[in-house]
Each structure stands twice: as structure tokens, then as C-alpha cells.
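Numbering (my numbering), first residue to last: -12 to 292.
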Amino acid sequence: MDRRARIDRHWWRAVAFTAALALLVGLAARPGDHVFALVLLATAAAGFGFFYLLFAGGLHFAVALANGLAVYATLFAFFTESNFPGIRRPVSYLGFVLPVAAFLAAAWRHRAALAGLVASERLRETAHFPRLLAWLVPLLAIGAASFALPELALGAATEEAAFLAAMALIAAVVAAAARDVVAFLLDASLLFEAFFARIRRLLIPAFAFLTLYSILVIVFACLYRLADEAIAGPLLSFAGQPREMTFAEALYFSVVTLSTIGYGDVVPHAPAARALASIEAILGVLLLLFGFAEIMSASRGRDDR
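Spelled out as C-alpha cells, the structure:
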């Protein structure tokens, strides 16, 4: 019973992550086209559901799968906007789904081989990576060739036919390379798993670093605010206009200064502000150096155990 609950919990976390990333990319990649976001969400749900039924991939495989779909959606939005700006939205939705549907169909056809691939639960040899990524070459060739189409000034119907033909070719390549695509996603999921495990080991030193960082931000924000009250004339200049700061603005300036970003929208105006900002910037650099060294030391110490 506990095992089942644990699987369900992992499954829901994976679903939530996949859905959130799909919606985020879908809404941002094509602003105003909410249907595309729903199409991407439905595609992600179908892909994730299919592979979860095929094997319990868990959260890490979901991260790899969702990342792959997000990259595909981003490239697709750029691909259509640059090379096929005149196609109708329903045609673009059909073209978007074609490669995913072809990939899932091919994965289902080769599900026995893929199950054995998944059961290995180990990274493929580094020497095999060029072969695993060979399917990207024809995809890049199709995308590069399509950049010549806008120069041909095709009619609307011809442009849509060319778009569907390009997406059909992409679907054929992805279907033919379904095993390598799954192997690549599995490798990515294992790398994600190792990465997250490493992050968990670094939580304590990272938390200590962020705690000290936040203390310095707050202390210097208070010093800026108190100095602004005590010294005649404004301490900071906002967009070229010296004026009294709020505490929220003092916090923002403290973060920008301690991180040594220096956007330039808020700058020291009085000599006292320049002195405080200089001290904070130096402390920020020292904190970053020593904090990074401590985190790496903690990481090496835990890895040696």
C-alpha cells in the first residue's frame, strides 16, 4: 500500500511538472493563441500518459520528456513564424501534432525493444552519442531548406502544402529514429536524476550561503534607509532623479549591489551611499568566492564518503 502511494505521489508530481511546463511554453511561444497552448498540453499529456503506461518512468523521465516537448514547441513556433507566417492556425496545429503522433506510433510498434532499453537503467556509452543524435541531422536539413520558402512568395494554399510536407518529413524521420529518441530521453532522465541527487546533497551548504546572503541584503538595506534619513539630501538617484527612497527600493538596491549586477536604474548620489555600496560590493564578491568554495568542499566531502 505504501509503495502504491509512493508511485502515485511521484506520478502526480511528474504530471504537474509536465503540464506546467507545457502551458508555460505554449502561452509564451505564441501569445494570444491559447488553442496552441491547449494543443501542446494535450500532446504532452498523451506523450506522458503513453510512456507512463509503457513503463513507470517517474519524475526524472517526465522532466526529460517535458523538456523535449518544450524544445520542440519553441522551435516549432520559431519555424512557423519565420518560414510559414501565412498558414492558418488549424493547419499549424495539425503540423505540430504530426511528428509527435508518428513518434508515439513508432514507439508503440517497438514497445518490446523499448521495454528492454528502459530496463537497463544505465547511460549509453559516450561513443554512441553521435549515433543517438544522428536523427537531428535530417531535421536540421529540413528546417534549413524551409528558410528559402518565404523568398519564393508562395500562395497561401501552396505555403500550407509545403508546411504540411515539411512536417510529414519530420514525422517520418522521428518515427524511423524512435528507438534512438527514446534512448536519448532516457539518458537525459538519468542525468536529471543524478543532477537532482547532487542538488539534495548540496541543500545544507547552499541554504547556509543564502541565509548569510539574505542577512547582508537586509543589513545594508537598513543602513541605506537609515543613512537616507540621517543625511541631508537624497542618498540615491532613481532614473537620474535624486529623491528619498522607500524600504522596498533600499532592498532592491541592496540586492543589485551585493550581486554586483549594477543595472544603473538606481545609483548612489551622496558620498555616503557610494561608500556603503563599495563595501557591500566587496563583501558580495568575497561571499560569492568563499560560499562557492564551501559548497564545492562540502560536495567533495560527501562524494568521498
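No residue lacks a Cβ here, since even glycine has one placed at the ideal position from N, Cα and C.
(request) With residue 141 as the anchor, note down where its beta strand (DSSP E) starts and where it stops. (result) That residue, residue 141, is in no beta strand (DSSP E); it is neither H nor E in DSSP.
(message) Short of 8 angstroms in beta carbon distance, which residues of its chain neighbour residue -12, apart from the five on each side in sequence? Order them along the chain.
(response) With a pLDDT of 42 at residue -12, under the threshold of 50, the modelled position of that residue is not reliable, and the figure given next carries that caveat. Taken in chain order, the list of residues that qualify is empty.
(message) At the level of alpha carbons, what is the spacing between residue 133 and residue 93?
(response) When the Cα atoms are used, residue 133 and residue 93 turn out to be separated by approximately 25 angstroms.
(message) To the nearest angstrom, how far is the alpha carbon of residue -10 from that of residue 135?
(response) In this predicted model, residue -10 has a pLDDT of only 45, less than 50, meaning its place in the structure is not dependable; the value taken from the coordinates is given anyway. Their backbone Cα atoms lie some 55 angstroms apart in a straight line.
(request) Report the option in 10, 196 and 76 whose CA atom is closest to the CA atom of residue 283. (result) 196
(request) With DSSP as the reference, please indicate the residues paired to residue 296 in a beta bridge. (result) Coverage of the chain is limited to positions -12 through 292, which leaves residue 296 absent and any answer about it impossible.
(request) Please classify residue 252: is it buried, with 16 or more other beta-carbons within 10 angstroms of its beta-carbon, or exposed? (result) exposed
(request) Work out the CA separation of residue 127 and residue 155 for me, nearest whole Å. (result) 14 angstroms
(message) Taking its Cβ as the centre, do 16 or more other Cβ atoms sit within 10 Å of residue 220, making it buried, or is it exposed?
(response) exposed
(request) Find out if the Cβ-Cβ distance for the pair residue 9, residue 31 is shorter than 7 angstroms. (result) yes
(request) Report the residue ranges of all alpha helix (DSSP H) runs contained in full by the segment 160 to 216; include only those spanning at least 4 residues, in chain order. (result) Within the segment 160 to 216, the complete alpha helix (DSSP H) runs of at least 4 residues are 165 to 188.
(message) Here's the rule: buried if 16 or more other CB atoms are within 10 angstroms of the residue's CB, otherwise exposed. What is residue 211?
(response) buried
(request) May I have the straight-line CA-CA distance separating residue 166 from residue 97, to the nearest angstrom? (result) 8 angstroms
(request) Using 10 angstroms around the beta-carbon of residue 241, count the other beta-carbons present and answer buried if the total reaches 16, otherwise exposed. (result) buried
(request) Give the straight-line distance between the Cα atoms of residue 218 and residue 268, rounded to the nearest whole angstrom. (result) Their Cα atoms are separated by approximately 21 angstroms.
(message) Let me check understanding here. Comparing Cα to Cα, which of 17, 6, 12 and 14 lies closest to residue 29?
(response) 6
(request) State the DSSP-derived secondary structure class of residue 233, mapped to helix, strand or coil. (result) coil
(request) Could you name the residues of the same chain whose beta carbon sits closer than 6 angstroms to that of residue 232, not counting the 5 residues immediately before and after it, in chain order? (result) 215 and 223
(message) If I follow the unbroken alpha helix (DSSP H) through residue 129, where does it start and stop?
(response) 123 to 133
(request) Label residue 147 either buried or exposed according to how many other C-beta atoms from any shown protein chain fall within 10 Å of its C-beta, with 16 as the threshold for buried. (result) Buried.
(message) Please give me, in chain order, every unbroken run of the alpha helix (DSSP H) with length at least 4 that falls completely inside the segment 49 to 83.
(response) none
(message) On the criterion of 16 or more Cβ atoms from any shown chain inside 10 Å, does residue 114 qualify as buried, or is it exposed?
(response) Interpretation of residue 114 is limited by its pLDDT of 46, a score under 50 that renders its predicted location unreliable; the figure taken from the coordinates is listed afterwards. It is exposed - the Cβ of residue 114 has fewer than 16 other Cβ atoms within 10 Å.
(message) Please report the straight-line C-alpha distance between residue 145 and residue 74, rounded to a whole angstrom.
(response) Looking at the two C-alpha atoms, the distance is approximately 10 angstroms.
(message) Give me, in chain order, the residues of the same chain whose beta-carbon lies closer than 7 angstroms to that of residue 85; leave out the 5 immediate sequence neighbours on both sides.
(response) 154, 155 and 158
(request) Leaving out five residues on either side along the sequence, give the residues of the same chain with a beta carbon under 7 angstroms from the beta carbon of residue 280. (result) Cβ within range, chain order: n/a, list empty.
(request) Output the distance between the C-alpha atoms of residue 235 and residue 79, rounded to the nearest integer angstrom. (result) 46 angstroms
(request) Could you check if residue 34 is buried or exposed, using at least 16 other CB atoms within 10 Å of its CB as the buried criterion? (result) buried
(request) Using a threshold of 7 angstroms, state whether the C-beta atoms of residue 91 and residue 37 are closer than that. (result) yes
(message) Using the three-state DSSP reduction, which class does residue 96 fall into: helix, strand or coil?
(response) helix
(message) Just to check my reading of the structure: residue 64 and residue 16 have Cβ atoms closer than 8 angstroms, yes? What is that Cβ distance to the nearest angstrom?
(response) 4 angstroms
(message) Please tell me whether residue 208 and residue 237 are closer than 7 angstroms, where the distance is taken between their beta carbons.
(response) yes
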